[in-house]
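Working notes for the structure below.
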Amino acid sequence: MPEDTLYLVLLGGPGAGKGTQADRLSAVLGTPHVSTGDLFREHLKKQTDLGRLAKGYMDRGELVPNEVTVGMLRERLLQPDCARGAILDGFPRTVPQAEALGELLAELGTRLAGVLYINVPADVLLARLSGRWTCRSCGTMYHQRYSPPAKSGVCDKCGGELYQRPDDTPETQERRIKVYVAETAPLVDYYRQRGLLVEIDGLPGIDQVQADLLAAIRALPVAG
Ligand SMILES: [Zn+2]
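Following the working numbering, the numbering of the sequence shown begins with 754 at its first residue and continues without gaps.
Have a look at this one:
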């Protein structure tokens with residue numbers, strides 16, 4: 754594997770805009786956005802060996818062991834489009850997973866170039882997440898504060914009824930954010946101690962955060 758690889762990890766809470774930013778970075782940098790959530794869905798849908806293994810744990814209400822997730826990630830990173838790098842989203846979430854990722858990349862003859870942490874305070878995450886409304890007919894998403902429909906409760910596109918998914922209630926979101934904060938703090942410390950962490954203020958708009966992320970990536974030692 755060449756020296757100028759660019760493997761990045763994107764960290765950010767639910768509602769921090771991580772997925773959107775990963776897609777945009779992928780388009781600019783030409784390296785794939787590798788979301789472990791997508792990998793799971795794909796493996797489950799195609800009923801691969803890893804997918805079946807993962808499903809067994811999930812059906813029993815157990816956590817999927819790191820080896821299974823790392824197996825999916827290894828397979829993905831060995832595909833030709835990842836040879837020059839990838840933007841990892843959704844993994845690692847914990848310090849043991851971060852260690853596993855380090856080992857995997859070493860096995861592939863490379864290493865992490867940097868970890869970009871889109872930092873948004875917990876109360877802002879909650880405000881962003883708990884105001885989401887979805888159209889029953891066409892699935893378009895709205896936000897009562899950031900992207901409200903013209904008429905409350907009615908879809909602009911199709912006139913359908915807007916509803917709040919159970920996932921989008923303040924109680925559910927508050928729990929999600931608490932779990933996220935508890936999990937992520939040690940991970941942020943782990944990468945900071947290794948000099949890999951770059952913190953990006955996630956409060957400005959999507960375009961500003963995007964520009965800050967790109968500037969941070971270009972300032973990384975290996976990306977120059
Ligand atoms: Zn609609």
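Using N, Cα and C, we set each Cβ at its ideal position, and we do this for glycine too.
Bear in mind the structure is a predicted one, so any value in this text is a computation, not a measurement.
Nonlocal neighbours in the same chain, by C-beta distance under 6 Å from residue i, ignoring five residues either side
i, result
"S905", "none"
"L956", "none"
"A938", "none"
"R929", "P767"
Delimiting residues of the beta strand (DSSP E) encompassing residue i
i, result
"T887", "R885 to C888"
"L761", "L759 to G765"
"G867", "L865 to N872"
"V787", "H786 to S788"
"A839", "G838 to D842"
"V962", "No beta strand (DSSP E) holds V962; the alpha helix (DSSP H) holding it covers I959 to R971."
Spatially closest choice to residue i from the options, by CA coordinates
i, options, result
"G958", "L764, L761 and G770", "G770"
"E927", "G766, G855 and L761", "G766"
"R945", "L869, E820 and S900", "L869"
9 Å Cβ cutoff met for residue i and residue j
i, j, result
"A969", "G867", "yes"
"Y810", "L803", "no"
"L966", "I953", "yes"
"L858", "L831", "no"
"R881", "G783", "no"
"E860", "R898", "no"
"D834", "L763", "no"
Residue span of the alpha helix (DSSP H) that contains residue i, given as start and end
i, result
"Y895", "Element bounds for Y895: not the alpha helix (DSSP H) but the beta strand (DSSP E), M894 to H896."
"E852", "V848 to E860"
"E820", "N819 to L830"
Same chain, Cβ closer than 8 Å to residue i, five either side skipped, listed in chain order
i, result
"T922", "S883"
"H896", "R881, G884, R885 and W886"
"V934", "G766 and A875"
Sequence-distant residues of the same chain with beta carbon closer than 7 Å to residue i, five excluded per side
i, result
"A976", "Low local confidence applies: a pLDDT of 46 at A976 is under 50, so the model's placement there is unreliable, and no value is given."
"T773", "I959"
"G913", "C888, R889, S890 and C891"
"P919", "T925"
*Within the structure, which residues are defined as neighbours of ligand 1 by a Cβ-heavy atom distance below 6 Å, reported in chain order?*
C888, S890, C891, T893, C908, K910, C911 and G913
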